[in-house]
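Scroll down for the structure; my scribbles are underneath it.
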Amino acid sequence: MDKSVRDIDWSQMQAFLAVAEAGSLSAAARVLGVSQPTLGRQIRAMEEQTGLTLFRRQPRGLDLTQDGAALLPHARAMRDAMRDVALYAAGHDAEMAGVVRITASEVVAHHILPPIMAGIRANHPEIELELVPSDRAENLLFREADIAVRMYRPEQLDVVARRLGELEIGIFAARSYLERRGRPESPEALLQHDLIGYDRSELILRGMRAVGFDLTRDAFSTRCDNQVTYWELLRAGCGIGFGQRHVARIDPGVEEIDIGIAIPGLPVWLAAHRQLRQISRLGHVWDRLADGLAPVLR
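First residue of the sequence shown? That's 1284 in our numbering, and the numbers climb one at a time after it.
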């Protein structure tokens, strides 16, 4: 085998995989968290070492050549093997000291997890905690997170999940808004008020349709998909919206509106890779998260 081919490093292979799967240098750079020029240099270095042209430039991005397409399954097999090595090594780490990376929805990360994490740090300062507030599905298999707090049951193979309960959802408004516009006393009266909804997400619309209100996006006079900002818009008095009861209960400026609508709760799951679940510090953080979340769940 030519030495130059043997010298291909893993960063070049990661670059190739990211571009092949994302379809462009810019999208792949965002995935890997590197600059686009750096990614371009890694791709050129890999092409020079292999003697292969891996991509052809198109108006919409980069397409794999025939050689690139033939190489792709082997690159994915390398990635899987690297993942398995990392998981095996991590799964045999018996030390309490080290890093635990947690991902959770933005609302849970903002309003619920900080005091739980402070308690973990107070009792185990040797554990370093990383929190990723995100409503996208971090991939537990590739160590983008060690433990996930999710509002759905993860379906990935080799992921162990535990259902903790439900977060209660209600209808709320700022007291300043209700004092200005009055308090609706029926579902029909609710529709005469300023409503706060999501922008591109249809989650609220689907929930309202489930309880008999066939609304469209235009029914919301204020719209925002970021749930932390959404709550601040409600608190500021933009209108009536929806939120988690445990968040509203600690806010004296917010009032719940009871008009007889039963809103389904959000299920809460803890998830981690099966091998990593056995690591001492991950097991400890898992248990403390479950204990800390219990008081806000039904």
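Ideal Cβ placement from N, Cα and C applies to all residues, glycine included.
Shown here, Leu1345 sits in a strand according to DSSP, grouped into three states. Beta-bridge partners of Val1432 (DSSP): Ala1387 and Leu1553.
The C-beta separation of Arg1458 from Glu1538 comes to about 5 angstroms, placing the pair in contact by the 8 angstroms criterion. Of Ser1388, Ile1454, Arg1359 and Gln1349, the smallest CA-CA separation from His1476 is found for Ile1454. Taking every protein chain shown into account, the CB of Leu1486 has fewer than 16 other CB atoms within 10 angstroms, so this residue is exposed. Between the alpha carbons of Ile1410 and Leu1447 lies a gap of roughly 23 angstroms. Between Leu1315 and Leu1337 a beta carbon distance of about 16 angstroms is seen, past the 8 angstroms cut, so the two are scored as non-contacting. Nearest in C-alpha terms to Asn1406, of all of Thr1333, Ala1380 and Asp1363, is Ala1380.
Taking all protein chains in view, the Cβ of Ile1533 is surrounded by fewer than 16 other Cβ atoms within 10 Å, so the residue is classified as exposed. Judged by DSSP secondary structure, Gln1325 falls within the alpha helix (DSSP H) whose first and last residues are Gln1319 to Thr1333. Arg1445 places its beta carbon less than 8 angstroms from that of Leu1553. Boundaries around Gln1297 are those of the alpha helix (DSSP H), Trp1293 to Ala1305, since no beta strand (DSSP E) includes it. The DSSP assignment places complete beta strand (DSSP E) segments of no fewer than 3 residues inside the stretch 1435-1466 at 1442-1450 and 1452-1457, in order along the chain.
The straight-line gap separating the alpha-carbon atoms of Ile1546 and Ile1395 is approximately 21 angstroms. Taken in chain order, the unbroken stretches of beta strand (DSSP E) that lie wholly in the stretch 1481-1543 and span 3 residues or more are 1523-1527 and 1537-1539.
Residue pairing of Gly1381 in beta bridges, as defined by DSSP: Ile1410. For Arg1340, the secondary structure class from DSSP, reduced to helix, strand or coil, is strand.
DSSP places Pro1416 within a strand segment (E or B) once states are collapsed to three. Per DSSP, Val1568 is one residue of the alpha helix (DSSP H) stretching across Ser1563 to Leu1576.
In the DSSP annotation of this structure, the continuous segment of the alpha helix (DSSP H) that includes Glu1471 starts and ends at Pro1470 to Leu1473. By the criterion of a C-beta distance shorter than 8 angstroms, Val1443 is surrounded in its chain by Ala1554, Ala1555, His1556, Arg1557 and Arg1560, once the five residues flanking it on both sides are discounted. The alpha-carbon of Glu1468 is positioned some 27 angstroms away from that of Asp1508. Taking C-beta separations shorter than 6 angstroms and ignoring five residues to either side along the sequence, the partners of Tyr1460 in its chain run Gly1520, following chain order. Counting along the chain, Ala1311 sits inside the alpha helix (DSSP H) bounded by residues Leu1308 to Leu1315. Between Ser1294 and Gln1332 a beta carbon distance of about 12 angstroms is seen, past the 8 angstroms cut, so the two are scored as non-contacting. For Asp1482, same chain residues with a beta-carbon under 7 angstroms away, outside a window of 5 residues either side, are Arg1506, Cys1507 and Asp1508 in chain order. In the three-state reduction of the DSSP assignment, Leu1478 falls in the strand class, which pools E and B. Of all alpha-carbon atoms in Arg1419, Arg1571 and Ala1456, the one lying nearest the alpha-carbon of Ser1484 is that of Arg1419. Just so you know, the alpha carbons of Asp1346 and Tyr1513 end up roughly 39 angstroms apart. Sequence-distant Cβ neighbours of Ala1311 in its own chain, meaning closer than 8 angstroms and more than five residues away, are Ala1298, Ala1301, Val1302, Glu1304, Ala1305 and Leu1322.
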